[in-house]
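Working notes, structure below.
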Amino acid sequence: MEDYEQMLQKAEQELPEKMPGSERFVIEKVIGHIEGNKTVIVNLKKIAKSLGRDENHLLKYLLRELATPGKWDGERVIFGTKVSASTINKKIKKYASEFVYCSECGKPDTQLTEEKRIIYLKCLACGAKKPVKNI
Numbered sequence: 055m056e057d058y059e060q061m062l063q064k065a066e067q068e069l070p071e072k073m074p075g076s077e078r079f080v081i082e083k084v085i086g087h088i089e090g091n092k093t094v095i096v097n098l099k100k101i102a103k104s105l106g107r108d109e110n111h112l113l114k115y116l117l118r119e120l121a122t123p124g125k126w127d128g129e130r131v132i133f134g135t136k137v138s139a140s141t142i143n144k145k146i147k148k149y150a151s152e153f154v155y156c157s158e159c160g161k162p163d164t165q166l167t168e169e170k171r172i173i174y175l176k177c178l179a180c181g182a183k184k185p186v187k188n189i
């Protein structure tokens, strides 16, 4: 039987290399264009899925933050005004900091749960639970 030190060395050698600077969780940038006086975003559902959140929750947040009307049109979102992609990306980052990242450990491994009409952000990594504002 191998001794502890040998097993530990073997385990360390078999670990995958840690890539410097690469995060496992990257928020995708929005893809869209301006049509007349409207803004069309084609990948908001994909972004919501990567954040692990309901697409309607994300859209409702963006509409409130951008103070613009908007709606789903199949896979696309149409905002009723011209909005720059950088502004939408900033709002999605803000959404992630409020509704995705754990305030205790900073990990994105969270889920929104509702108890007695209060929505909580529950961390699956450290177990922290905090109430979040309703949209």
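Under the working numbering, residues 55 to 189 are what the sequence shown spells out, in order.
In this text, a Cβ means the ideal position worked out from N, Cα and C, and glycines have one as well.
Close CB contacts of Ile101 within its chain, under the 8 Å cut and outside five residues either way in sequence, are with Ile81, Glu82, Val84, Leu112, Ile146 (chain order). In the structure shown, Arg130 falls within a strand segment according to DSSP collapsed to helix, strand and coil. Per DSSP, the unbroken alpha helix (DSSP H) holding Thr141 starts and ends at 139-153. By the 16-neighbour rule on beta-carbons within 10 angstroms, Cys156 is buried. Annotation: Lys176 is outside any alpha helix (DSSP H); the continuous beta strand (DSSP E) that includes it extends over 172-177.
Judged by DSSP in its simplified three-state form, Ile101 adopts helix.
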